[in-house]
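If you read the sequence shown in my numbering, its first letter stands for residue 188, the second for the next number, and so on.
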Amino acid sequence: MSQNVRVASSSLLPRVRASELVGRGWLNTGGHDVTLADLRGKVVVLDFWTFCCINCLHVLDELRELEERHRDELVIVGVHSPKFAHEADPDALAAAVERYEVRHPVLDDPELVTWGAYTARAWPTLVVIDPEGYVVAQMAGEGHASAIEAIVDELVAEHDAKGTLHRGDGPYVPPTPEPSTLRFPAKAVALPGGNLLVADAGHHSLAELEADDETLVRRIGSGERGFADGADDARFSEPNGLCLVPDELRARLGYDVLVADTVNHALRGVHLASGHVSTVAGTGDQFMVGGQENLLDGDDADLAAGVPARSVRLSSPWDVAWSAELGAFVVAMAGNHTLWAFEPVARDGHGSVRLLAGTMNEGLEDGPGDEAWFAQPSGLAPAPDGGLWLADAETSALRRVELSDSARGMPRAESDNPGEVAVSTAVGQGLFDFGHRDGTAAEALLQHPLGVATLPDGSAVVADTYNGSLRRYDPATDAVTTLASGLAEPSGVVVQVAGDAVHLLVVESAAHRVTRVALPAGLAGEVLDAGAHRVARAATEVAAGALRLDVPFVPAPGQKLDDRFGPSTELRVSATPPALLLDGAGDGVDLARDLVVNPDVTEGVLHVTAKAASCDVVPLGPDGEPDPDVFPACHLAQQDWGVPVRVTGTGAAELSLPLRG
Numbered sequence: 188m189s190q191n192v193r194v195a196s197s198s199l200l201p202r203v204r205a206s207e208l209v210g211r212g213w214l215n216t217g218g219h220d221v222t223l224a225d226l227r228g229k230v231v232v233l234d235f236w237t238f239c240c241i242n243c244l245h246v247l248d249e250l251r252e253l254e255e256r257h258r259d260e261l262v263i264v265g266v267h268s269p270k271f272a273h274e275a276d277p278d279a280l281a282a283a284v285e286r287y288e289v290r291h292p293v294l295d296d297p298e299l300v301t302w303g304a305y306t307a308r309a310w311p312t313l314v315v316i317d318p319e320g321y322v323v324a325q326m327a328g329e330g331h332a333s334a335i336e337a338i339v340d341e342l343v344a345e346h347d348a349k350g351t352l353h354r355g356d357g358p359y360v361p362p363t364p365e366p367s368t369l370r371f372p373a374k375a376v377a378l379p380g381g382n383l384l385v386a387d388a389g390h391h392s393l394a395e396l397e398a399d400d401e402t403l404v405r406r407i408g409s410g411e412r413g414f415a416d417g418a419d420d421a422r423f424s425e426p427n428g429l430c431l432v433p434d435e436l437r438a439r440l441g442y443d444v445l446v447a448d449t450v451n452h453a454l455r456g457v458h459l460a461s462g463h464v465s466t467v468a469g470t471g472d473q474f475m476v477g478g479q480e481n482l483l484d485g486d487d488a489d490l491a492a493g494v495p496a497r498s499v500r501l502s503s504p505w506d507v508a509w510s511a512e513l514g515a516f517v518v519a520m521a522g523n524h525t526l527w528a529f530e531p532v533a534r535d536g537h538g539s540v541r542l543l544a545g546t547m548n549e550g551l552e553d554g555p556g557d558e559a560w561f562a563q564p565s566g567l568a569p570a571p572d573g574g575l576w577l578a579d580a581e582t583s584a585l586r587r588v589e590l591s592d593s594a595r596g597m598p599r600a601e602s603d604n605p606g607e608v609a610v611s612t613a614v615g616q617g618l619f620d621f622g623h624r625d626g627t628a629a630e631a632l633l634q635h636p637l638g639v640a641t642l643p644d645g646s647a648v649v650a651d652t653y654n655g656s657l658r659r660y661d662p663a664t665d666a667v668t669t670l671a672s673g674l675a676e677p678s679g680v681v682v683q684v685a686g687d688a689v690h691l692l693v694v695e696s697a698a699h700r701v702t703r704v705a706l707p708a709g710l711a712g713e714v715l716d717a718g719a720h721r722v723a724r725a726a727t728e729v730a731a732g733a734l735r736l737d738v739p740f741v742p743a744p745g746q747k748l749d750d751r752f753g754p755s756t757e758l759r760v761s762a763t764p765p766a767l768l769l770d771g772a773g774d775g776v777d778l779a780r781d782l783v784v785n786p787d788v789t790e791g792v793l794h795v796t797a798k799a800a801s802c803d804v805v806p807l808g809p810d811g812e813p814d815p816d817v818f819p820a821c822h823l824a825q826q827d828w829g830v831p832v833r834v835t836g837t838g839a840a841e842l843s844l845p846l847r848g
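Now the structure itself:
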């Protein structure tokens, strides 16, 4: 086997004492600090996360069942190490812990002290500590739940036998939530009768409000987190985007509103008269990049050509918008940094989905749809010319998605290049630069925007979420201004026009309300400069010339590398700027590679994507052969690293990014 993969038992790793947990304070502990000594006798999993990061939110969901099954022996500790300036606000962190139903202690680590002590290089990073206080495993990215469970089972058995395991309650103390009509609402849409429909993410339901934007008319969905169709017993899990179905399609489809049901990785249709909810796209499971189980109808299906909507896994759809030119709903698929098209009647009336744009790499790259990079696309709005505005959250960017001439005004089957799009950036610098700065588009900065809407003059209003502001980009002047500030994490905007007056209904997620903002005549805004920021994590110093990149991966106990469908590992390397690497960029199957760093480029970002597939070891039957009645479960671990590097004369000649080690 040519793959360069480290395979070893966790019991063979060197015994390294876990570093103390140091930060500004603790959440979910009833006001008490927690030390490693307090956790002695428990298996401990440190989850290094930041609440902007979709991969971190996926890991929170992956760990929920494990946490419940092993609550007597296992303590998960969230270590919140912020990326954005807003995430370092303790009140914002407390809201996020409640919003995402984090049910374990969380260390507030705004200065990245504990992050640095454990040499974390990526969000998310997971570290497993045994009951005696030694680090036994470290891993980055998603897809590690089965591995952690196997390690936990092994450690519980070992330390139970040694007498070093202590069962019982951990330090988690649940907070007391304050009741409110809305709880962390995400986005909203105006209904034909004048009412407002709100995606009430914190209540896992939809809330219909009267025209006063406050009075609750009814709730669609039971309010319990889950995945179930029906009327009174329907369940959502953190719904976000909403889009009205065009009038001419409602009777045919049987639903009036399309919902991006984010944590269920599904699109749901809602029939307003009855309140009935149906699943129209997605299986309820997450699409894993490079996985073998994303499609129910075979892995040879062409995602760009389209597959049955109920037969493919989606990945955290965050918003939806109707494109009349495409004859499809466009879906901002935040979980794998792509845009998809949902054609509701394309396959025998049951719908089809197809990959519209994005490579599934995370970053800010413009160009044709199949070459563009996004980073958690989270807001969509149709533009007057038939294109789309896109709020690209992790790059703090406002992007433009434009249709090719061949795709405009004709059915896909008649187009020479159906559905082709081009992507450009109006405002934004990339993954690591953000702030609140108005002015020319080249100078302007946003901070993790989640929503966008189109104003009557064709300009875009951005829900600049982490700046607590509404920002306007005017393509006629190529300039950005601030329309309103002092908002609490605005995440969605509804534009209402009455005569010459323009009002914005702003979904203030962290304030649990919808706020009405009247815009000044002429849409004039302020020009503000509250400063520019870069991500606080330190750049890694590397030497010019030869650089050895190593991505260690260790299959979990009871698992082995899965090469049944080809190579079990994949490594993709690129750089920003591309000139940073003289050699070594590209795709391969070995999890180690020799790079050559350009001495004439002083700094940049290495983009590294690693995947490793493993499967359960099948027990042997009486005949000594694998038991034919046991089918091994498949597991995929993956991570995207964006590693800021500085090229120096004393920099390292090796870079290790453990996928699981």
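Note that CB positions come from ideal geometry on N, CA and C, so glycine has one too.
Determine the contact status of residue i and residue j, defining contact as a CB-CB distance below 7 Å.
| i | j | result |
| --- | --- | --- |
| Asp-296 | Val-266 | yes |
| Leu-454 | Ala-468 | yes |
| Gly-408 | Leu-396 | no |
| Ala-580 | His-635 | yes |
| Val-608 | Ala-511 | no |
| Ser-728 | Gly-829 | Looking at the sequence shown, residue 728 is not Ser but Glu. No, the Cβ-Cβ distance between Glu-728 and Gly-829 is not below 7 Å. |
| Leu-793 | Phe-740 | no |
| Ala-184 | Val-517 | Residue 184 falls outside the range modelled here, since the chain spans only 188 to 848, and no answer is possible. |
| Ala-496 | Val-540 | yes |
| Val-680 | Val-648 | yes |
| Gly-678 | Thr-652 | Sequence inspection shows Ser at residue 678; the Gly mentioned does not correspond to that position. Yes; because the gap between Cβ atoms is below 7 Å, this pair is in contact. |
| Gly-215 | Pro-292 | At residue 215 the sequence reads Asn, which differs from the Gly that was named. Yes, these two residues count as a Cβ contact at 7 Å. |
| Glu-790 | Arg-735 | no |
| Asn-242 | Glu-329 | yes |
| Thr-582 | Gly-615 | yes |
In terms of residue numbering, what span does the alpha helix (DSSP H) encompassing residue i cover?
| i | result |
| --- | --- |
| Lys-798 | It is not in any alpha helix (DSSP H) - Lys-798 instead sits in the beta strand (DSSP E) that spans 790-803. |
| Glu-552 | Note, Glu-552: premise wrong, no alpha helix (DSSP H); not H, not E. |
| Val-246 | 241-256 |
| Asp-278 | 277-286 |
| Arg-437 | 434-440 |
So if DSSP puts residue i in a beta bridge, which residue, or which two residues, is it bridged to?
| i | result |
| --- | --- |
| His-699 | According to DSSP, which records beta bridges pairwise, His-699 is partnered with nothing at all. |
| Met-520 | Pro-504, Thr-525 |
| Glu-757 | Lys-798 |
| Asp-420 | Bridge partners of Asp-420: none, in fact. |
| Val-714 | Looking at the DSSP assignment, Val-714 forms no beta bridge with any residue, so it has no partner. |
| Phe-235 | Val-266, Thr-312 |
For residue i, count neighbouring C-beta atoms within 10 Å of its own C-beta (all shown protein chains included) and say buried if the count is 16 or more, exposed if not.
| i | result |
| --- | --- |
| Gly-550 | buried |
| Arg-422 | buried |
| Gly-596 | Confidence in Gly-596 is poor, its pLDDT being 43 and thus under 50, which makes the residue's placement unreliable; the coordinate value appears in the next sentence. It counts as exposed. |
| Ser-611 | exposed |
| Thr-763 | buried |
| Arg-659 | buried |
| Asp-625 | buried |
| Lys-229 | buried |
| Ala-671 | buried |
| Glu-254 | buried |
| Ala-840 | exposed |
Shorter than 6 Å, the distance from the beta carbon of residue i to the closest heavy atom of the ligand ZN, or not?
| i | result |
| --- | --- |
| Asn-382 | In the structure on display, the ligand ZN does not appear, and there are no ligands present to speak of. |
Specify the secondary structure class of residue i as computed by DSSP and reduced to three states.
| i | result |
| --- | --- |
| Thr-301 | helix |
| Arg-724 | coil |
| Lys-229 | coil |
| Val-376 | strand |
| Lys-349 | helix |
| Val-339 | helix |
| Thr-222 | coil |
| Ala-766 | helix |
| Thr-466 | strand |
| Glu-581 | helix |
| Ala-688 | strand |
| Ser-333 | helix |
| Ser-498 | helix |
| Asp-215 | Note on residue identity: the sequence assigns Asn, not Asp, to residue 215. In this structure, Asn-215 counts as coil in the three-state DSSP scheme. |
Which residues bound the beta strand (DSSP E) around residue i?
| i | result |
| --- | --- |
| Glu-589 | 584-590 |
| Leu-393 | 392-396 |
| His-458 | 453-458 |
| Thr-368 | Looking at the DSSP string, Thr-368 is not in any beta strand (DSSP E), and its letter there is neither H nor E. |
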